[in-house]
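Written below as structure tokens is the structure these notes are about.
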Amino acid sequence: MADIAERIDFLASSTHRVEVLRALDDDGPLSRRTIQDRVDASRSTVKRALDGLAELDWVAETDDGYVITPVGSAVLSAYAEFADAVRTAESVAPVFRWLPETDPDFDLRSLDDAEVVVASEGDPYAPAIHQTELMQSVKRFRGLFPSIDREGIRRVHDRIVAGHLEAEIVVSADVAATIREEPYADLFREPLATGRLSVSVVDEVPFHLGLPDDGSVQVGVEDDEGLPRALLDTGDEAVRRWGKRRYEEYRSAATPLSEDDFT
18 MADIAERIDF LASSTHRVEV LRALDDDGPL SRRTIQDRVD ASRSTVKRAL DGLAELDWVA
78 ETDDGYVITP VGSAVLSAYA EFADAVRTAE SVAPVFRWLP ETDPDFDLRS LDDAEVVVAS
138 EGDPYAPAIH QTELMQSVKR FRGLFPSIDR EGIRRVHDRI VAGHLEAEIV VSADVAATIR
198 EEPYADLFRE PLATGRLSVS VVDEVPFHLG LPDDGSVQVG VEDDEGLPRA LLDTGDEAVR
258 RWGKRRYEEY RSAATPLSED DFT
């Protein structure tokens, strides 16, 4: 195992070694001078890289130049997969740092194409704004809401009343108490009367979940003070299936609210 760790470190600790393998994997055989030009490194750096890679049988020198070996090609492929996994994990870390579920039943590697919107000092409500803007372009939406903002509700109100959106949401008890009073209540009565909005309440909603009809899913997280921290937006089918299951769990345990509850 120590030898394996040393070999991994040997490759990962030098971008030039990785670049040499990539150049040979793409276009080998190549002369040392051509490799030097491809990786933009000095002659001595390329020589050291080639000598080290050759010692491990990852590259070989032939009459036509240097080539990557089958072993080297396999190592390079595995390294690329590992690098992609680390890159994906780093990109979604702001979401999973705050997500209450420590073991969601989907593979994080499926999130390589996910969009992650992170709150910043200059734009603290960026995740919430992203979700609100998404709801302006879909025709049907289901979701879980641990918190709510007036501007987002106003824009959704207008679309529902105009007949452009149908929405089904589950909110926490704290949110329900807030929206049943003015100025929020006025933004709920009219949409509820159209039959195109349904609102249900459960004691707690641990994270934001959006299930629009465009095949995507959004997972939003807040900090301990209820401020948005990050939003994950992906079209991955496994994540959407997970989102649907979570939504149905909360929806089945929720109590519906009617127009009369908003006084």
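Residue numbers (my numbering): 18 to 280.
Think of the CB as a built atom: it goes at the ideal place given N, C-alpha and C, for glycine as much as any other residue.
| Backbone CA spacing between D241 and Y264 [nearest angstrom] | 22 Å
| Hey, is T195's beta-carbon within less than 8 Å of any beta-carbon in chain C? | Among the chains in the structure shown there is no chain C, since it carries only a single protein chain.
| query | In whole angstroms, what is the alpha-carbon distance linking I52 and E239? | reply | 49 Å
| said: Can you tell me which residues form a DSSP beta bridge with A77? | reply: V84
| field | Cβ contact check for the region 241-258 and the region 133-145: 3 or more pairs under 8 Å | value | Yes: at least three Cβ pairs fall under 8 Å.
| Host beta strand (DSSP E) of F158 (start-end) | R157 to F162
| query | Are the beta-carbon atoms belonging to L161 and Y267 less than 8 Å from one another? | reply | yes
| Where does the unbroken beta strand (DSSP E) through E185 begin, and where does it stop? | E183 to S189
| task | Find out if the Cβ-Cβ distance for the pair S90, D26 is shorter than 8 Å. | result | no
| request: Just confirm the distance between the C-beta atoms of S217 and T272, as a whole number of angstroms; I'd bet it's less than 8 Å. | output: With 8 Å as the limit, S217 and T272 qualify as a contact, their Cβ atoms being about 6 Å apart.
| message | Which complete beta strand (DSSP E) runs does the region 194-246 hold, if anything under 3 residues is left out? | response | 214-219, 225-229 and 234-239
| task | Just tell me which of G237, K64 and T211 has its CA closest to the CA of V222. | result | Of the listed residues, the one whose Cα sits closest to V222 is G237.
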